[in-house]
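Under the working numbering, the residues of the sequence shown are numbered 86 to 479, in order. Okay, structure first, notes after.
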Amino acid sequence: MKKFIKFGIFCALALILIWFFLFKKDEEAPNFITTKLQSGDIKSVVIANGEVYAQDLVDVGAQVSGQIKKLYVKVGDNVKKGDMIAQIDSEKQENEISKEKAQLVIYEANLKAAEIKAQNAKIQFLREQKLYKKDATSKEKLENAKNEAALSAANVKQIQAQIEQTKLALDTAETNLGYTKISAPLDGTIVSVPVEEGRTVNANQTTPTIVKIADLSKMEIRLQISEGDISLVKVGQNVEYTILSALDDIKKAEISSIDPALTTLSDGSYDKTNLNGSSSSNEAVYFYAKVLVDDNDGFLKIGMTTQNTIIVNEAKNVNFITSSAIQKDTNNERFVWILKDKTPTKAKIKIGISDNLNTQILSGINKNDEIIISNPNKSENSKSIARPPFERVR
86 MKKFIKFGIF CALALILIWF FLFKKDEEAP NFITTKLQSG DIKSVVIANG
136 EVYAQDLVDV GAQVSGQIKK LYVKVGDNVK KGDMIAQIDS EKQENEISKE
186 KAQLVIYEAN LKAAEIKAQN AKIQFLREQK LYKKDATSKE KLENAKNEAA
236 LSAANVKQIQ AQIEQTKLAL DTAETNLGYT KISAPLDGTI VSVPVEEGRT
286 VNANQTTPTI VKIADLSKME IRLQISEGDI SLVKVGQNVE YTILSALDDI
336 KKAEISSIDP ALTTLSDGSY DKTNLNGSSS SNEAVYFYAK VLVDDNDGFL
386 KIGMTTQNTI IVNEAKNVNF ITSSAIQKDT NNERFVWILK DKTPTKAKIK
436 IGISDNLNTQ ILSGINKNDE IIISNPNKSE NSKSIARPPF ERVR
């Protein structure tokens with residue numbers, strides 16, 4: 086009986102030991118989240134907001150003062166170059182033309198009389214010269230005749246100058262009369278009419294704007310690029326953009342130019358460029374990249390906000406893994422942990438471009454490797470990285 090009891094105790098202890106070494110060991114073994122090398126396309130991008138402008142937006146102003154007698158257009162009208170926009174009261178200009186024409190007639194009549202007088206004075210002077218040589222007249226009469234001839238000739242030149250001056254004044258008056266008829270300087274659409282019929286405009290101080298005309302078939306998107314991303318953006322890079330009212334309608338274009346100095350975007354115009362370093366160090370610094378767009382279908386409107394994705398770099402059909410699996414050691418070398426026989430093994434890798442979520446793998450990993458996503462050995466000698474620092478993505 087005692088032998089049976091001892092045998093039972095021995096079996097129980099054996100079972101406990103077996104359970105401890107098998108089941109407890111498995112229970113304490115870490116469970117790693119793993120992934121494998123994937124294949125596909127990957128893009129490194131910069132995200133930026135933008136605002137829509139017309140490439141050609143012209144303020145059509147008045148070059149003469151006066152009352153607006155007639156407006157021939159309204160907002161939204163399409164116009165051709167030369168079409169009438171507005172008529173300013175031309176009475177003042179017409180009166181000025183009449184005045185200068187009348188003055189010109191007077192001066193031309195005076196010129197004829199002066200030329201006759203000058204011719205007679207010259208003849209008299211020549212006559213006195215001949216008489217003086219024959220001692221038939223006095224020197225005083227000769228000098229008087231000479232002076233009279235000179236004065237008459239000078240009077241002719243003076244009247245001729247007055248005629249030229251009057252002709253210039255007449256040309257100016259006729260030009261000003263032409264300015265009372267305001268016409269379109271280009272083909273386009275009326276986008277603003279800040280005046281109304283009956284208003285008096287004063288062109289002596291600042292040129293008053295009558296209308297704004299834009300060519301809406303050619304638009305410009307100004308992208309706001311942060312200081313941290315501007316070095317990544319280059320002329321010629323592809324851009325994908327959307328507008329708030331059509332987020333699923335993705336349009337494509339390319340960067341046409343990049344501003345050389347910082348600016349701010351406000352109400353459809355640039356602020357003055359700050360080159361004196363006077364901006365606060367706490368203020369974000371932005372630069373503008375411009376995208377030119379043919380918009381014959383009227384998709385874009387002036388002042389719209391756009392969401393823009395700039396393709397900085399792109400690789401097709403490449404191997405990549407999630408960026409969270411990549412770590413960096415004290416030598417600034419990238420590596421991942423690979424699970425081999427349930428044991429984490431360090432593998433050095435070389436990386437390519439990143440799209441913030443995934444990173445291209447150039448070497449160091451095989452397709453069947455189980456790559457650990459969680460960090461099995463968080464130490465001071467390594468740290469997880471979201472993306473390569475040279476591929477900054479906002």
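Cβ coordinates follow ideal geometry from the N, Cα and C atoms, glycine included.
Beta-carbon contacts of residue i that lie in its chain and below 6 Å, excluding the five residues immediately before and after
i: L385; result: V137, M304
i: T292; result: G146
i: E312; result: V370
i: K154; result: Q172, D174
Where residue i falls: helix, strand or coil (DSSP)
i: V480; result: This structure cannot speak to residue 480, because the chain is shown only from 86 to 479.
i: Y373; result: strand
i: L255; result: helix
i: D111; result: In this prediction, D111 has a pLDDT of 49, which is less than 50 and means its spatial position is unreliable; nothing more can be read from the coordinates.
i: K413; result: strand
i: S459; result: coil
i: K337; result: strand
i: A171; result: strand
i: Y157; result: coil
i: G283; result: coil
i: I450; result: coil
i: K226; result: helix
i: I434; result: coil
i: I118; result: coil
i: K219; result: coil
i: S69; result: Nothing can be reported for residue 69, as the shown portion of the chain is limited to 86 through 479.
i: G383; result: coil
i: G263; result: helix
i: Y355; result: Any reading at Y355 must be qualified, since the residue scores a pLDDT of 49, below 50, and its modelled position is unreliable; no value is offered.
i: S150; result: coil
i: E181; result: helix
i: E249; result: helix
Residues sharing a beta bridge with residue i, DSSP
i: M304; result: A139, V378
i: E399; result: K128
i: P429; result: L424
i: T444; result: I406, S439
i: V296; result: V145
i: T291; result: The partner list for T291 (beta bridge, DSSP) is empty, contrary to what the question assumes.
i: I328; result: A331, T391
i: T274; result: N163, A299
i: Q309; result: N134, Y373
i: S268; result: M169
i: I343; result: A374
i: R419; result: K413
i: Q123; result: F405
Selected residue, minimal CA-CA separation from residue i, among the options
i: T119; options: I411, D440, G437; result: I411
i: V421; options: A400, Y157, S448; result: S448
i: N205; options: D220, N232, I191, N443; result: N232
i: D382; options: Q247, S302, Q123; result: S302
i: D41; options: K226, E185, V164; result: A question about residue 41 goes unanswered here, because the residues of the chain that appear run from 86 up to 479.
i: K150; options: R284, Q214, D314; result: Checking the sequence shown, residue 150 turns out to be Ser, not Lys. Checked all of R284, Q214, D314; the closest Cα to S150 is R284.
i: V158; options: Q188, Q152, M169; result: M169
i: L189; options: V403, A239, A246, D174; result: A246
i: S342; options: A235, Y373, G161; result: Y373
i: G167; options: Y264, T394, N195, K413; result: Y264
i: I315; options: E282, K375, N287; result: K375
i: T391; options: T430, T327, E185; result: T327
i: K266; options: K413, S175, T415; result: S175
i: L196; options: V278, N240, E418; result: N240
i: E282; options: G125, F117, L156; result: L156
i: I395; options: K215, P270, V318; result: V318
i: V278; options: V296, N289, Q290; result: V296
Residues of its chain near residue i, where Cβ-Cβ distance is below 8 Å and the 5 sequence neighbours each way are ignored
i: Q243; result: none
i: A432; result: F420, V421, W422, I423, G449, I450, D454
i: A299; result: A139, D141, L142, V143, G273, T274, V276, I387
i: Q445; result: I127, A400, V403, N404, F405, I436, G437, I438, S439
i: Q123; result: N404, F405, I406, N443
i: D380; result: L301, S302, K303, M304
i: K418; result: The identity of residue 418 in the sequence shown is Glu, whereas the question assumes Lys. For E418, where only same-chain residues beyond five positions count, the Cβ hits under 8 Å are K433.
i: K224; result: Y217
Same chain, Cβ closer than 7 Å to residue i, neighbours up to 5 away in sequence not counted
i: I182; result: L255, A258, E259, L262
i: E193; result: I248
i: E213; result: T222, K226, L227, A230
i: A331; result: none
i: E185; result: T251, A254, L255, A258
i: V177; result: According to the sequence shown, residue 177 is Lys rather than Val. For K177, where only same-chain residues beyond five positions count, the Cβ hits under 7 Å are G151.
The ligand PLP heavy atom lying under 7 Å from the CB of residue i
i: S268; result: Absence of the ligand PLP from the depicted structure is noted, as is the absence of any ligand whatsoever, leaving it without description.
With three or more beta-carbon pairs closer than 8 Å as the criterion, would you say the segment 335–345 touches the segment 308–325? yes
Is the number of C-beta pairs between the segment 199–215 and the segment 307–317 that are closer than 8 Å three or more? no
Spell out a yes or no on whether the segment 396–404 and the segment 120–140 are touching, meaning 3 or more CB-CB pairs, one atom from each, closer than 8 Å. yes
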